[in-house]
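Number of protein chains: 2
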Amino acid sequence: MTTTTFERADSWIATPPSSQSESFLSAVLVVRRIVAEHHDRPSLVSRVACEVGAEIIENVRHSGEDLSSVELAERYETSRTPIREALLLLEKEGLVRIPQRRRPHVAVLDIAEVREIYRVRAVLFGAVASDAATLRTPEDLAALRELLARLSTAHDAQDLSAYLWANVEFYNRLTIAAHNATAKRILDSLLLRTLRLRRLSLSQPTRREKSMAHHVQLMSAIEEQDAPLADVLIRSNHLHALAVLEQIYADGGVPSPMRSRRRRRQAAAATE
Amino acid sequence: MTTTTFERADSWIATPPSSQSESFLSAVLVVRRIVAEHHDRPSLVSRVACEVGAEIIENVRHSGEDLSSVELAERYETSRTPIREALLLLEKEGLVRIPQRRRPHVAVLDIAEVREIYRVRAVLFGAVASDAATLRTPEDLAALRELLARLSTAHDAQDLSAYLWANVEFYNRLTIAAHNATAKRILDSLLLRTLRLRRLSLSQPTRREKSMAHHVQLMSAIEEQDAPLADVLIRSNHLHALAVLEQIYADGGVPSPMRSRRRRRQAAAATE
DNA sequence: ACAGGAATTTATGTCGACATAATTGAATGA
DNA sequence: TCATTCAATTATGTCGACATAAATTCCTGT
Numbered sequence: 001m002t003t004t005t006f007e008r009a010d011s012w013i014a015t016p017p018s019s020q021s022e023s024f025l026s027a028v029l030v031v032r033r034i035v036a037e038h039h040d041r042p043s044l045v046s047r048v049a050c051e052v053g054a055e056i057i058e059n060v061r062h063s064g065e066d067l068s069s070v071e072l073a074e075r076y077e078t079s080r081t082p083i084r085e086a087l088l089l090l091e092k093e094g095l096v097r098i099p100q101r102r103r104p105h106v107a108v109l110d111i112a113e114v115r116e117i118y119r120v121r122a123v124l125f126g127a128v129a130s131d132a133a134t135l136r137t138p139e140d141l142a143a144l145r146e147l148l149a150r151l152s153t154a155h156d157a158q159d160l161s162a163y164l165w166a167n168v169e170f171y172n173r174l175t176i177a178a179h180n181a182t183a184k185r186i187l188d189s190l191l192l193r194t195l196r197l198r199r200l201s202l203s204q205p206t207r208r209e210k211s212m213a214h215h216v217q218l219m220s221a222i223e224e225q226d227a228p229l230a231d232v233l234i235r236s237n238h239l240h241a242l243a244v245l246e247q248i249y250a251d252g253g254v255p256s257p258m259r260s261r262r263r264r265r266q267a268a269a270a271t272e
Numbered sequence: 001m002t003t004t005t006f007e008r009a010d011s012w013i014a015t016p017p018s019s020q021s022e023s024f025l026s027a028v029l030v031v032r033r034i035v036a037e038h039h040d041r042p043s044l045v046s047r048v049a050c051e052v053g054a055e056i057i058e059n060v061r062h063s064g065e066d067l068s069s070v071e072l073a074e075r076y077e078t079s080r081t082p083i084r085e086a087l088l089l090l091e092k093e094g095l096v097r098i099p100q101r102r103r104p105h106v107a108v109l110d111i112a113e114v115r116e117i118y119r120v121r122a123v124l125f126g127a128v129a130s131d132a133a134t135l136r137t138p139e140d141l142a143a144l145r146e147l148l149a150r151l152s153t154a155h156d157a158q159d160l161s162a163y164l165w166a167n168v169e170f171y172n173r174l175t176i177a178a179h180n181a182t183a184k185r186i187l188d189s190l191l192l193r194t195l196r197l198r199r200l201s202l203s204q205p206t207r208r209e210k211s212m213a214h215h216v217q218l219m220s221a222i223e224e225q226d227a228p229l230a231d232v233l234i235r236s237n238h239l240h241a242l243a244v245l246e247q248i249y250a251d252g253g254v255p256s257p258m259r260s261r262r263r264r265r266q267a268a269a270a271t272e
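Chains A and B, in that order, give the protein sequences.
First residue of the first sequence? That's 1 in the UniProt record's numbering, and the numbers climb one at a time after it.
First residue of the second sequence? That's 1 in the UniProt record's numbering, and the numbers climb one at a time after it.
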């Protein structure tokens with residue numbers, strides 16, 4: 001099942017998949033789901049958007065790093081027009097900033113914004129989980145149980161990446177069960193913005209422990225259709241996750257944005 | 001004060017302001033605030049986006065109507081590239097749909113989506129109002145009181161447009177007081193999507209009555225820093241507003257999307 | 001008269017080019 | 001040595017052109 005998942009990721013990026021890690025391919029798929037939501041067929045624009053977006057999420061491109069359209073056009077062997085559009089898609093999701101007449105760059109996530117995002121997510125996700133607990137079908141339950149099992153496996157194996165992506169999938173399934181596409185789109189977008197930090201926060205064993213326990217509790221609240229409990233659990237978990245991030249930021253655990261003189265573009269006149 | 005407001009709206013649209021109503025100029029400013037948030041200087045793209053966005057909100061362009069990029073490029077005497085970008089900005093706010101390889105068109109708002117939007121808004125706005133009630137400064141209070149007075153004046157004068165825009169400004173000021181830019185952006189975007197319908201719902205005198213009373217109550221909750229009350233009031237008001245819209249949709253009060261054969265483009269070779 | 005399909009028209013996605021703004025690098029002076 | 005100013009470089013915003021996909025029209029057969 002994960003296999004098919006990874007196979008299908010290839011068509012949404014431009015570079016050969018062999019060089020990519022599994023985590024990166026997961027990232028591509030998540031980005032695709034959110035940023036290329038309406039693009040049913042992989043187009044040039046969506047490929048670029050997915051790949052660059054995944055690179056940002058996977059911290060291949062760092063906070064504040066320049067995303068010059070000419071540089072990207074060279075790299076993807078296309079003109080600047082589709083690159084520009086791809087960057088606009090990523091800006092819409094908050095991964096990229098495009099100041100007028102200035103070079104686009106990877107958006108910088110300061111703690112103030114993270115705080116805001118987690119506050120909004122806590123409230124919205126609480127409501128969504130509440131609805132999901134009420135509306136969930138047997139199919140929803142089955143899917144969620146399976147994802148919980150995947151989560152548990154990853155947790156036992158201490159596999160950070162696997163845990164992270166299973167986590168994302170669990171929340172994804174949960175938001176689907178609530179049958180509110182608008183809420184889902186907003187939550188997805190907010191998730192995307194903070195995915196860069198998830199690895200940091202989940203790298204703490206105590207955090208992973210709490211997170212795992214939380215998911216078990218949440219699952220049972222949903223099974224028992226205890227909407228208020230699901231709401232409170234989600235909010236509490238978000239508060240805790242935020243506290244961890246606050247700590248990490250305070251300790252300087254988040255690499256500060258590059259004072260990006262852009263890296264010299266070594267004009268590789270190789271292709272001739 | 002409103003005078004300066006209207007004067008400044010001119011620079012964000014492309015056509016002469018003399019032909020525009022006051023309501024339309026208010027619409028332009030609201031669109032600008034949301035869609036051209038980061039564009040500090042009026043650029044070609046933002047002008048087009050603001051004007052077309054305002055036309056959608058003001059129902060000058062109807063649900064489902066085609067927005068061909070060549071047609072718009074002709075009208076604004078520019079090339080398709082900036083038009084395309086302007087349409088992308090409007091799509092990001094949900095006012096426009098751009099299917100791949102098909103003509104962009106004004107987004108269609110069905111009742112299911114309206115329901116979703118109001119649910120999300122109720123929850124998020126409740127939380128924001130709650131924060132605003134807690135955090136509000138004396139300046140916030142003064143500004144809100146003044147807007148409440150404007151609301152009351154418009155209400156007494158039975159001036160639908162004035163009431164509508166004062167309403168928008170009141171909520172805008174309220175979301176500012178909560179000091180959560182992320183939440184504000186989301187709420188603004190959701191508001192924009194439903195602004196087209198506001199006139200419908202507020203055209204009912206009973207609805208206006210309820211709305212006015214609601215604002216008075218809300219204002220006092222904020223003055224007294226009664227966060228839970230502010231939360232509940234907002235939610236309740238949104239539920240009521242939604243109920244009115246459900247009724248209007250059920251009665252067929254919302255013009256159904258044009259089966260838009262696009263209007264024949266009478267090639268006006270006038271400019272020679 | 002009408003439905004269905006081929007031919008024509010029109011729009012989109014992408015490209016390379018240009019003018020102009022921003023950025024880098026060099027040169028000057030304290 | 002460092003800050004400041006000016007020239008050179010590089011990137012952006014916009015444009016018109018082209019290939020190709022949709023939409024529309026026209027034509028044919030029933």
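Cβ coordinates follow ideal geometry from the N, Cα and C atoms, glycine included.
Since the structure is predicted, the reported quantities are computational estimates derived from the model, not experimental observations.
- With a beta-carbon spacing of about 5 Å, B/P82 and B/V45 fall inside the 8 Å limit used to define contacts.
- Chain-ordered, the chain B residues with CB closer than 7 Å to the CB of A/I117 read T182.
- Under the Cβ criterion (8 Å, minimum of three pairs), the region 229 to 238 of chain A counts as touching the region 119 to 136 of chain A.
- B/R97 and B/R121 have their C-alpha atoms roughly 21 Å apart.
- DSSP places B/V108 outside both helix and strand once states are collapsed to three, so it counts as coil.
- Taken in chain order, the unbroken stretches of alpha helix (DSSP H) that lie wholly in the region 144 to 219 of chain A and span 4 residues or more are 160 to 177 and 181 to 202.
- Close partners of B/L88 in chain A (Cβ separation under 9 Å): E85, L88, L89 and K92.
- With 16 or more other CB atoms across the displayed protein chains lying within 10 angstroms of its CB, B/G53 is buried.
- Below 8 Å, enough C-beta pairs join the region 134 to 151 of chain A and the region 173 to 185 of chain A to call them touching: three or more.
- For A/H39, the C-beta contacts it makes with chain B under 9 Å involve Q100, in order along the chain.
- Comparing C-alpha distances from B/T78 to each of B/R47, B/L88 and B/K92 shows the shortest one belongs to B/R47.
- By a beta-carbon distance limit of 8 Å, B/E85 contacts A/L88. Their separation comes to about 7 Å.
- Of the residues assessed, A/E55 falls on the buried side of the cut-off, its CB having 16 or more other CB atoms within 10 angstroms.
- A/H214 and A/D66 have their alpha carbons spaced roughly 38 Å apart.
- The three-state secondary structure of B/V60, taken from DSSP, is coil.
- Take the alpha-carbon of B/I57 and the one of B/L195: they are about 6 Å apart.
- Between A/K184 and the set A/L90, A/E223, A/V168 and A/R198, the nearest pair of CA atoms involves A/V168.
- For the pair B/D226 and B/L147, the Cα-to-Cα distance works out to about 20 Å.
- Membership of A/R75 in the alpha helix (DSSP H) is indicated by the continuous run S69 to R75.
- Minimum Cα-Cα distance from B/L200 among the listed residues B/L160, B/L141 and B/L90 corresponds to B/L160.
- When the five nearest sequence neighbours on each side are left out, the beta carbons in the same chain lying within less than 8 Å of the beta carbon of A/A143 are those of R173, in order along the chain.
- When Cβ pairs closer than 8 Å are counted between the two stretches, the region 22 to 37 of chain B is seen not to touch the region 67 to 76 of chain B, the count staying below three.
- Rounded to the nearest whole angstrom, the CA to CA distance from B/V108 to B/L202 is 20 Å.
- The CB of B/A177 never comes closer than 9 Å to any CB in chain A; the least such distance is about 14 Å.
- For B/S43, at least one C-beta of chain A is nearer than 9 Å to its own C-beta.
- Within the same chain, and ignoring the five residues on either side of A/R208 in sequence, the residues whose Cβ sits closer than 7 Å to its Cβ are H155, Y163 and L202.
- For A/I117 against A/L190, the beta-carbon gap comes to about 5 Å, under 8 Å, which counts as contact.
- Taken atom to atom, the span from the alpha-carbon of B/P205 to that of A/D188 is near 39 Å.
- Between A/V123 and chain B, the shortest Cβ-Cβ separation is below 9 Å.
- Looking at the DSSP output, A/R102 sits in no beta bridge, so it has no partner there.
- At least one C-beta of chain A is nearer than 9 Å to the C-beta of B/V120.
- With contacts defined by Cβ atoms closer than 9 Å, B/L141 and B/I248 do not form a contacting pair.
- Taken atom to atom, the span from the alpha-carbon of A/H39 to that of B/M219 is near 44 Å.
- In the three-state DSSP reduction, A/R47 falls in the helix class (H, G or I).
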